[in-house]
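Chains as they are written, first to last, in the working numbering: chain A, 51 to 407; chain B, 51 to 407; chain C, 51 to 407.
See structure below.
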Amino acid sequence: SAGFTQTFGDGKSLSIGLGMRGSYTSAEDGAPSGSDRSNEFNLDSVRVFVSGSLSDTIKATFNTERDGDGNLKLLDGYARFEFSDEFNIWVGRMLPPSDRANLDGPYYINAWSYPGVVSQYPAKFAGRDDGATVWGKLLDKRLTYAAGAFKGHNRIRGASNQGDNMLFTGRLAYNFLDVEDNPAYYTSSTYYGSADVLTLAIAGAYQEDGVGTAARPGDYGAVSIDALFEKKLGDAGAVTLEGAWYSYDTDGVADVAPGFGGASGTANVGGVVAGEAWLIGGAYLLPAKVGIGQFQPFVRYQTFDPDASRFDTKQYDFGVNYVISGHSARISAEYSTVDTGPGADSDRFTLGLQLQF
Amino acid sequence: SAGFTQTFGDGKSLSIGLGMRGSYTSAEDGAPSGSDRSNEFNLDSVRVFVSGSLSDTIKATFNTERDGDGNLKLLDGYARFEFSDEFNIWVGRMLPPSDRANLDGPYYINAWSYPGVVSQYPAKFAGRDDGATVWGKLLDKRLTYAAGAFKGHNRIRGASNQGDNMLFTGRLAYNFLDVEDNPAYYTSSTYYGSADVLTLAIAGAYQEDGVGTAARPGDYGAVSIDALFEKKLGDAGAVTLEGAWYSYDTDGVADVAPGFGGASGTANVGGVVAGEAWLIGGAYLLPAKVGIGQFQPFVRYQTFDPDASRFDTKQYDFGVNYVISGHSARISAEYSTVDTGPGADSDRFTLGLQLQF
Amino acid sequence: SAGFTQTFGDGKSLSIGLGMRGSYTSAEDGAPSGSDRSNEFNLDSVRVFVSGSLSDTIKATFNTERDGDGNLKLLDGYARFEFSDEFNIWVGRMLPPSDRANLDGPYYINAWSYPGVVSQYPAKFAGRDDGATVWGKLLDKRLTYAAGAFKGHNRIRGASNQGDNMLFTGRLAYNFLDVEDNPAYYTSSTYYGSADVLTLAIAGAYQEDGVGTAARPGDYGAVSIDALFEKKLGDAGAVTLEGAWYSYDTDGVADVAPGFGGASGTANVGGVVAGEAWLIGGAYLLPAKVGIGQFQPFVRYQTFDPDASRFDTKQYDFGVNYVISGHSARISAEYSTVDTGPGADSDRFTLGLQLQF
């Protein structure tokens with residue numbers, strides 16, 4: 051959403067931006083051998099943002115991302131009919147209305163790593179799907195609503211959705227204090243002390259025959275609640291608290307495996323797991339400017355409790371951001387431990403760099 | 051070909067544009083099950099257009115398109131030596147001189163869907179191939195000529211063209227009324243009442259050993275004629291009529307299958323079918339502006355008669371465009387029936403949206 | 051590195067550029083049959099260059115290239131912390147400090163074809179790898195240093211580097227005459243008579259367990275020396291001489307094959323060969339402008355002597371560039387013969403066109 055804009059009169063304009071996340075990671079048993087620590091640089095994300103407007107109401111957004119093999123892929127591609135703050139229609143590939151983590155994306159969360167233990171709404175690529183969303187901001191922009199219909203999950207021969215049912219998703223978020231300043235129904239998990247925020251949101255998704263095989267399909271349902279609190283403390287910095295709860299339901303059916311029927315990694319097929327999950331996290335922006343930035347320590351805890359297993363997944367993250375220019379330039383150090391059951395725990399240290407232009 | 055342009059003095063400039071086509075389709079037996087109606091959103095095309103000029107005569111064009119799996123692919127990439135209206139040389143990946151449908155591309159045709167039943171010149175990706183074209187406009191720009199040499203078909207070990215013969219193609223188009231206003235030898239199938247058009251064109255392609263196997267190769271030959279008539283009716287709108295005839299010859303040889311020898315989907319290998327085809331279509335632009343656009347109902351009929359089968363393929367399309375800003379912003383509804391032989395017919399309804407910036 | 055730049059105040063700017071190389075080649079036994087001459091157009095390279103600066107010290111570069119199948123891939127993606135001429139840090143995917151040929155890339159060499167017989171530092175894609183480089187220019191910019199740590203070679207299960215050792219590389223170059231005017235530690239092999247150049251450089255790379263299998267790994271080491279001499283001859287044009295020597299060491303171990311363990315073509319796995327190599331070349335820029343350009347004949351000789359075989363590879367190139375606008379617009383004709391052992395020689399003629407905007 052960053053970028054430089056050129057206007058051309060008559061409401062016409064073109065914006066171009068760049069986003070980049072790179073990191074060094076040392077992860078226990080993370081080397082290809084499976085028994086050595088990994089020790090590597092990775093280019094986690096390189097995005098190009100292009101958007102244009104044909105008039106005040108007709109616009110489009112086109113963003114690209116690289117996959118792990120260096121191939122450029124379409125991230126977002128949607129037409130925007132933006133009539134007013136209250137009523138807008140987007141059509142194409144986009145983030146479906148969902149939980150705050152997914153709508154933050156990796157660039158607008160507080161920790162370095164994405165909270166993938168809990169945030170598991172199904173998607174084609176990087177949280178995106180093809181469809182249409184109606185959204186708007188009501189009550190002096192305090193209430194953001196978004197509802198959409200999408201291609202959805204398991205749309206392949208032999209899997210549950212070979213009959214082509216759509217995925218329906220929605221989100222309602224209410225700002226009790228300042229209005230969060232984000233494009234459309236997108237979110238951020240910190241404003242670095244520029245606003246007092248208390249937002250409570252509920253999101254959900256439903257798809258008939260969304261999980262399982264064609265012979266034994268189940269309806270897919272997910273509901274989540276997320277809350278964000280951020281408070282400016284004047285000369286004392288700013289404090290951020292975040293929490294989320296998720297419930298994923300598969301109608302008592304086990305989903306097919308990813309790759310079922312030769313599905314590609316971006317086909318949105320297989321891998322849905324029923325269970326409950328929750329996340330809690332906090333951050334504290336230190337007031338003092340040290341060099342060209344400010345320090346922001348953070349902690350986060352995530353857990354996923356699958357219905358079909360007695361072993362929960364738990365992840366603890368501790369770290370500190372060095373915030374040079376908000377979400378546009380920051381450096382993060384993060385230490386994480388992940389526990390997926392008895393005897394199956396590992397730790398990871400990451401040094402990350404994020405830039406947006 | 052849309053886009054915003056920045057000039058930098060000395061004939062230098064850079065243009066950037068965006069194109070996007072998205073649709074909702076409900077097609078009989080179109081769901082993955084093969085027996086349910088499909089019910090889905092699709093992002094049919096997302097293009098980025100970049101072109102630059104180094105001087106008044108040296109220019110280049112670079113366009114990208116996404117494939118079905120969301121990967122960004124090179125659509126066009128050609129250097130342009132543009133000396134005068136009468137004489138120009140393009141080198142790289144481009145649309146070979148061919149029929150009007152292919153030179154329209156999906157963005158400049160009258161109906162929503164591409165007339166793929168009849169328009170079957172061989173290509174690597176989206177009608178494109180690698181090579182060079184000489185083109186120009188003579189006789190007060192009334193006569194457009196274009197002739198090119200390209201990589202062509204079946205250039206793979208074991209297939210007919212393992213000896214590396216080029217594909218030669220050409221097109222001659224004469225404007226009897228107003229001169230059609232298009233870049234280079236490209237075309238549009240409607241000007242929305244801004245011009246009176248009567249154009250007759252002939253195109254052809256030839257490649258020695260262009261079809262079949264290495265053991266039993268055949269020469270490939272194609273010829274087509276297309277005509278466009280559009281007439282402004284003053285206060286009564288505008289009417290458009292279009293027709294085309296094609297003959298595809300394979301020297302009595304059956305081509306290899308697509309994917310022969312492990313060929314990728316963009317290798318331009320296999321699948322050529324000998325036969326005759328024709329298309330006829332019409333559209334009528336209603337004069338009244340309704341809201342922010344004008345309605346343009348359209349009809350189209352296509353048929354392909356393969357030499358080797360007694361069953362013709364026939365497709366009928368009926369629909370209406372809601373034209374907001376020419377080819378740059380329009381919404382289309384289209385109902386189609388396709389008949390590929392006794393008992394093999396299906397219908398399809400599509401609601402499409404096209405934007406270009 | 052070409053491109054148009056827009057500034058936005060506060061040190062913010064965005065640059066966009068295009069590069070393109072296309073050619074016609076007729077190569078002995080080069081057709082898919084293996085026994086016919088090839089006869090084909092090829093789009094060798096299409097690059098988009100995007101770079102942005104957030105401030106005078108924080109910048110980023112994002113470049114794309116197409117692969118042989120027309121897919122767009124990430125070429126470069128790095129964050130640039132540029133503090134001064136003397137000290138800078140780049141992080142992401144970039145060209146590791148290496149030999150002049152690799153730092154020229156195909157766009158800034160003298161001949162048309164890349165000297166791949168000798169220039170064989172391991173890389174993921176087009177000479178690039180993921181990592182970090184520290185670089186700067188000292189002693190009135192006469193001494194360029196660059197040192198980096200990268201993902202490196204054979205980082206896959208079962209291959210030598212499954213334990214995740216980094217590749218370390220470095221380069222030192224000293225300009226005895228004029229300072230070569232290039233971005234960062236990048237190079238060019240001709241300045242078309244705009245400077246008097248005498249540069250001597252040494253580069254090297256080392257990776258523990260960089261070659262071979264996990265069961266029998268070897269350390270990888272490479273060292274190379276390159277020299278460039280270019281002299282303006284006033285009214286008589288300009289002369290260029292270039293030489294390079296390489297030594298590739300694999301610790302007495304044979305490397306795995308490319309594609310080992312299902313590695314993709316951009317995984318930087320397998321294929322390293324121990325041996326010595328050298329290159330010598332020269333070019334002469336004729337002073338007279340003929341039409342819109344100047345002729346520059348060139349010759350080049352490369353040889354690679356593998357430790358494990360008594361047959362050297364030798365390549366001779368003869369050709370002429372028609373230089374319209376330096377490295378931004380030139381046409382090249384090149385005749386090459388390659389000899390890979392007794393009875394295994396072939397020749398090739400290429401006509402190439404290079405544009406950068």
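Beta carbons: idealized from backbone N, C-alpha and C, even for Gly.
Can you tell me the Cβ-Cβ gap for K109 (chain B) and G120 (chain B), rounded? I've got them flagged as a contact below 8 Å. The residue you call residue 109 (chain B) lines up with position 59 of the second sequence. The residue you call residue 120 (chain B) lines up with position 70 of the second sequence. Actually they do not touch by this definition, with Cβ atoms about 30 Å apart.
Which same chain residues end up closer than 6 Å to D355 (chain A) when comparing Cβ atoms and leaving out the 5 residues on each side of it in sequence? The residue you call residue 355 (chain A) lines up with position 305 of the first sequence. Around D355 (chain A): G325, E326 and D362.
Spatially closest choice to P347 (chain B) from B:S359, B:G315, B:V323 and B:R380, by CA coordinates: As a first step, residue 347 (chain B) is located in the second sequence; it is residue number 297 there, counting from the start. Of the listed residues, the one whose Cα sits closest to P347 (chain B) is B:R380.
Proximal residues, the region 89-103 of chain C versus chain B, C-beta separation under 8 Å: N89, E90, F91, N92, L93, V96 and V98
Per DSSP, which one or two residues make a beta bridge with T107 (chain A)? Along the first sequence, read from residue 1 onward, the residue named residue 107 (chain A) stands at position 57. According to DSSP, which records beta bridges pairwise, T107 (chain A) is partnered with nothing at all.
Chain B residues whose Cβ lies nearer than 7 Å to that of V428 (chain A): Coverage of chain A is limited to positions 51 through 407, which leaves residue 428 (chain A) absent and any answer about it impossible.
Between R116 (chain B) and chain A, is any beta-carbon pair separated by less than 7 Å? Along the second sequence, read from residue 1 onward, the residue named residue 116 (chain B) stands at position 66. By this cut-off, R116 (chain B) is an interface position.
Given Y334 (chain B) as reference, the closest of B:G321, B:V349, B:V340 and B:I342 once Cα atoms are compared: Residue 334 (chain B) sits at position 284 when you count from the first residue of the second sequence. Nearest C-alpha to Y334 (chain B): B:V349.
Among B:Y224, B:L278 and B:D299, which has the Cα closest to the Cα of G268 (chain B)? For the purposes of this step, residue 268 (chain B) is taken as residue 218 along the second sequence, with counting starting at 1. Checked all of B:Y224, B:L278 and B:D299; the closest Cα to G268 (chain B) is B:D299.
How would you write the range of the alpha helix (DSSP H) that D154 (chain B) sits in, first residue to last? What you label residue 154 (chain B) is simply residue 104 of the second sequence in a count that begins at 1. From DSSP, the alpha helix (DSSP H) with D154 (chain B) extends over R150 to D154.
Alpha-carbon to alpha-carbon, K282 (chain C) and F25 (chain B): Lying outside 51 to 407, the shown extent of chain B, residue 25 (chain B) is not represented and no answer is given.
Excluding sequence positions up to five away, which residues of its chain have a Cβ less than 6 Å from the Cβ of K174 (chain A)? Along the first sequence, one-based indexing puts residue 174 (chain A) at 124. Closer than 6 Å at the Cβ level, and outside the excluded window around K174 (chain A), lie T316 and N318.
Under the three-state DSSP convention, the category T390 (chain A) falls into: On the first sequence, position 340 is the one that residue 390 (chain A) refers to. Note: T390 (chain A) maps to coil in three-state DSSP.
Kindly confirm or deny that the region 269-279 of chain A and the region 238-254 of chain A touch, where touching means at least three C-beta pairs closer than 8 Å. yes
Can you tell which of C:E258, C:Q257 and C:D231 has the C-alpha that lies nearest to the C-alpha of L248 (chain C)? For this step, residue 248 (chain C) is matched to residue 198 along the third sequence. Checking every option, the nearest Cα to that of L248 (chain C) belongs to C:D231.
Let me know if K123 (chain C) comes out buried or exposed under the rule of 16 or more other beta-carbons within 10 Å of its beta-carbon. Indexing the third sequence from 1 puts residue 123 (chain C) at position 73. Classification for K123 (chain C): buried.
For the region 244-280 of chain A, which segments carrying the beta strand (DSSP E) assignment without a break, of at least 3 residues, lie completely within its bounds, in sequence order? 247-262
Give the straight-line distance between the Cα atoms of L222 (chain A) and R130 (chain A), rounded to the nearest whole angstrom. Residue numbering aside, residue 222 (chain A) sits at position 172 when the first sequence is read from its first letter. Residue numbering aside, residue 130 (chain A) sits at position 80 when the first sequence is read from its first letter. Rounded to whole angstroms, L222 (chain A) to R130 (chain A) spans 20 Å at the Cα level.
If the cut is a Cβ gap below 9 Å, which residues of chain A does G72 (chain B) touch? On the second sequence, residue 72 (chain B) is found 22 positions in, with the first residue counted as 1. Correct list: G127, Y128, A129, V141, G142, R143, D180 and A182.
C-alpha distance - D149 (chain B) paired with I374 (chain B), whole-angstrom precision: Indexing the second sequence from 1 puts residue 149 (chain B) at position 99. Indexing the second sequence from 1 puts residue 374 (chain B) at position 324. Approximately 27 Å between the Cα atoms of the pair.
Name the chain C residues that come within less than 9 Å of R398 (chain B), Cβ to Cβ? Here residue 398 (chain B) refers to the residue found at position 348 of the second sequence. In chain order: nothing, as chain C lies at least about 29 Å away.
Nearest-angstrom Cβ-Cβ length linking E78 (chain B) and S396 (chain B), presumed shorter than 8 Å: Within the second sequence, numbered from 1, the residue matching residue 78 (chain B) stands at position 28. Within the second sequence, numbered from 1, the residue matching residue 396 (chain B) stands at position 346. Confirmed, about 4 Å.
Chain A contact residues for P308 (chain B), given Cβ-Cβ distances below 8 Å: If you number the second sequence from 1, residue 308 (chain B) lands on position 258. Neighbours of P308 (chain B) on chain A: none; closest Cβ ~17 Å, over 8 Å.
Collapsed DSSP secondary structure at G332 (chain A) in the structure displayed: Mapped onto the first sequence, residue 332 (chain A) falls at position 282. Looking at G332 (chain A) - three-state DSSP - the assignment turns out to be strand.
Between L405 (chain A) and chain C, is there a C-beta pair that is closer than 7 Å? The residue labelled residue 405 (chain A) in the question sits at position 355 within the first sequence. Output row for L405 (chain A): interface = yes.
Can you list the residues of chain B that D119 (chain C) reaches, using a CB-CB cut of under 7 Å? For the purposes of this step, residue 119 (chain C) is taken as the residue at position 69 of the third sequence. Neighbours of D119 (chain C) on chain B, chain order: S314 and T316.
Under the three-state DSSP convention, the category G72 (chain B) falls into: Here residue 72 (chain B) refers to the residue found at position 22 of the second sequence. G72 (chain B) falls in the strand class under three-state DSSP.
Using a beta-carbon distance below 7 Å, is P146 (chain C) in contact with chain B? On the third sequence, residue 146 (chain C) is found 96 positions in, with the first residue counted as 1. Not an interface residue.
With the cut-off set at 7 Å, would you say R143 (chain B) and R97 (chain B) are in Cβ contact? Against the second sequence, residue 143 (chain B) aligns to sequence position 93. Against the second sequence, residue 97 (chain B) aligns to sequence position 47. No, the pair does not count as a contact, with Cβ atoms beyond the cut-off.
Taking Cβ-Cβ distances shorter than 7 Å, what residues in chain B pair up with L68 (chain C)? Position 18 of the third sequence holds residue 68 (chain C). Those within 7 Å of L68 (chain C) in chain B are V100, G102, A110 and F112.
Of the residues C:P165, C:D357 and C:L145, which one's Cα is nearest the Cα of K201 (chain C)? Numbered from its first residue, the third sequence carries residue 201 (chain C) at position 151. Closest by alpha carbon: C:L145.
Just mark A182 (chain C) as buried or exposed, buried being the case when its beta carbon has 16 or more other beta carbons within 10 Å. Numbered from its first residue, the third sequence carries residue 182 (chain C) at position 132. With 16 or more other Cβ atoms within 10 Å, it is buried.
I need the boundaries of the beta strand (DSSP E) containing F54 (chain B), first residue and last residue. Looking up residue 54 (chain B) in the second sequence gives position 4. Element bounds for F54 (chain B): F54 to T57.
Could you list which residues in chain B have their beta carbon closer than 9 Å to that of L329 (chain C), in chain order? Sequence index remark: in the third sequence, residue 329 (chain C) carries index 279 (1-based). In chain order: nothing, as chain B lies at least about 29 Å away.
Close-in-space but distant-in-sequence residues of the same chain around G213 (chain A) (CB under 7 Å, 5 per side omitted): To locate residue 213 (chain A), count along the first sequence from 1; it is residue 163. Once the five neighbours on either side are set aside, the close Cβ partners of G213 (chain A) are D259.
Please identify, using Cβ separations under 8 Å, the residues of the region 184-205 of chain A that lie next to chain B, in order along the chain. A199, F200, K201 and R205
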